[in-house]
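**Student:** Residue numbers (numbering that gives the first Met the number 0): 0 to 353. Don't be surprised by glycine CBs; every beta carbon is placed ideally from N, CA and C.
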Amino acid sequence: MDAATLRTIQDVFASLHTPVRLLARSGQSLLPADGEAFYVPEYLPETGYVEQSGYLFAAITGSGHVLTVRRSATASDTLLLARALVEALLQKNADTDSLDNALRMLLSKGLSPADVQALAEEHHLPMDMPRVVLLLHMVRTGPGQADDALRDLVPLDEHDLLVQFDRFTATLIKNMSNCDDEELHEFANALHETLFSESAFRVTIGVSEPVATLTQLHTAFLHAQQAVDVGLLFREGENVHFYSQLMLERFLAAIPPETASHYHRLLFNADTAPLFTDEMLDTINMFLDKNLNLSDTARQLYIHRNTLVYRLDKVQRTIGLDLRHFDDAMTFKILYHMKKCLRGQMPPTVEGNN
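1. Going by DSSP in three states, T276 sits in which element: helix, strand or coil?
2. What does A58 pair with, by DSSP beta-bridge criteria?
3. Taking its Cβ as the centre, do 16 or more other Cβ atoms sit within 10 Å of Y54, making it buried, or is it exposed?
4. Cα-Cα, which of L84, E86, K289, Y48 is closest to V68?
5. Going by beta-carbon coordinates alone, are P154 and P209 separated by less than 7 Å?
6. Cβ of V19 within 7 Å of Cβ of A81?
7. Relative to the alpha-carbon of A101, which residue among L84, Q90, E86, E120 has its alpha-carbon at the smallest distance?
8. Output the boundary residues of the alpha helix (DSSP H) element that contains F250.
9. What separation, rounded to the nearest whole angstrom, lies between the Cα atoms of D179 and K173?
10. Would you tell me roughly how many angstroms separate the C-alpha atoms of T77 and S25, rounded to the nearest one?
11. On the DSSP bridge assignment, give the partners of Q51 in chain order.
12. Flag this pair as yes or no: are the beta carbons of V227 and H136 separated by less than 7 Å?
13. What does the Cβ neighbour count give for S14, buried or exposed, with the cut at 16 atoms within 10 Å?
14. Pull up the distance between the alpha-carbon of D127 and that of V115, whole angstroms please.
15. With R201 as the anchor, note down where its beta strand (DSSP E) starts and where it stops.
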């Protein structure tokens with residue numbers, strides 16, 4: 000049993016008046032995990048219980064675990080009630096695991112329309128509903144399990160689905176029926192802040208565009224995945240990346256490496272190396288980030304406005320681009336980012352799936 004299931008069973012036991020233990024078939028006590036061990040009867044019936052050495056023992060159907068209580072006037076009732084509660088919990092978890100496995104297949108590989116329809120009917124999922132996929136890419140920064148942290152910290156509305164893929168990746172399928180784009184942005188950023196402050200994981204979130212039906216979730220998953228990949232490559236320092244806001248970056252990521260290398264060297268080469276010091280590149284990038292605003296850039300860099308003008312004039316004299324003009328600034332930005340196309344080649348794009 001995983002840690003989350005054990006915690007839930009522990010909560011169930013806490014509501015009972017008579018102390019109940021959960022044992023492994025070997026007799027080792029799992030709840031409470033106090034090092035105690037018991038001699039479990041060799042045969043335990045599927046229903047009922049066996050009394051031995053002052054304790055009552057009952058098998059949990061299909062789990063390989065055993066419940067035991069000390070003999071008392073109410074022990075048998077407590078034991079059978081505990082078994083019914085635990086078996087109901089395990090059945091619920093089994094249903095959840097079945098849904099999670101089906102959703103993993105749907106998201107990562109896609110299913111035929113007929114299989115999607117069967118999935119929807121089996122698990123009572125609405126076929127037609129606006130949804131987005133939020134892909135959570137996690138890097139451990141301390142102790143703890145990702146699935147435990149997400150289960151406790153990710154808020155789920157009706158029809159929202161949280162699927163753990165592996166120790167690095169989880170996917171939140173969010174119902175957008177009562178959520179507009181602005182609220183989605185607020186939700187994604189608030190989710191990142193919560194996970195950053197309350198868990199042992201550094202999280203990057205990729206957000207797809209809305210899709211209308213379950214059959215489109217595979218495309219949405221690929222878009223969310225690409226948002227993470229492209230965002231990490233081109234927007235360092237940001238943690239939430241929306242697929243719809245990465246059009247330029249997606250275009251750049253699709254450029255063949257030999258083409259990217261050719262155009263990058265037109266601007267960044269041995270002749271221009273003395274110009275593009277770290278200080279100059281920091282100045283230019285800040286100027287671009289501040290939407291070509293001289294005053295805001297000078298203030299942010301703690302330099303005089305005339306110093307900034309001098310640096311921009313120097314760039315114009317050396318490479319012929321006046322970064323105060325939008326077209327020249329965009330040319331610089333694109334050629335500058337070409338180096339990132341070389342640093343991390345992206346997987347094939349999924350633009351055609353729109």
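**Tutor:** Quick look at the numbers:
1. Along the sequence shown, one-based indexing puts residue 276 at 277. Coil at T276, not helix or strand.
2. The sequence position of residue 58 within the sequence shown is 59, counting from 1. Bridge partners of A58: V65.
3. For this step, residue 54 is matched to residue 55 along the sequence shown. Label assigned to Y54: buried.
4. Here residue 68 corresponds to residue number 69 of the sequence shown, with the count starting at 1. Comparing Cα-Cα distances from V68 to each of L84, E86, K289, Y48, the minimum goes to Y48.
5. If you number the sequence shown from 1, residue 154 lands on position 155. If you number the sequence shown from 1, residue 209 lands on position 210. For P154 and P209, no; Cβs fall outside 7 Å.
6. Sequence index remark: in the sequence shown, residue 19 carries index 20 (1-based). Sequence index remark: in the sequence shown, residue 81 carries index 82 (1-based). Against a cut-off of 7 Å, the Cβ pair of A81 and V19 comes out as a contact.
7. Working through the sequence shown from its first residue, we reach residue 101 at position 102. The shortest Cα separation from A101 among L84, Q90, E86, E120 belongs to E120.
8. In the sequence shown, counting from the first residue as 1, residue 250 sits at position 251. Start and end: 246 to 252.
9. Numbered from its first residue, the sequence shown carries residue 179 at position 180. Numbered from its first residue, the sequence shown carries residue 173 at position 174. Straight-line Cα distance between these residues: approximately 12 Å.
10. Indexing the sequence shown from 1 puts residue 77 at position 78. Indexing the sequence shown from 1 puts residue 25 at position 26. So the two alpha carbons sit approximately 22 Å from each other.
11. The residue you call residue 51 lines up with position 52 of the sequence shown. Answer is Y54, bridged to Q51.
12. Start at 1 with the first residue of the sequence shown, and residue 227 comes out as number 228. Start at 1 with the first residue of the sequence shown, and residue 136 comes out as number 137. A contact, by the Cβ cut-off of 7 Å.
13. The count along the sequence shown starts at 1 and reaches residue 14 at position 15. Counting Cβ neighbours within 10 Å, S14 comes out exposed, since fewer than 16 surround it.
14. Here residue 127 corresponds to residue number 128 of the sequence shown, with the count starting at 1. Here residue 115 corresponds to residue number 116 of the sequence shown, with the count starting at 1. Taking the straight line from one Cα to the other gives about 11 Å.
15. Taking the first residue of the sequence shown as 1, we reach residue 201 at position 202. 200 to 206 is the extent of the beta strand (DSSP E) around R201.
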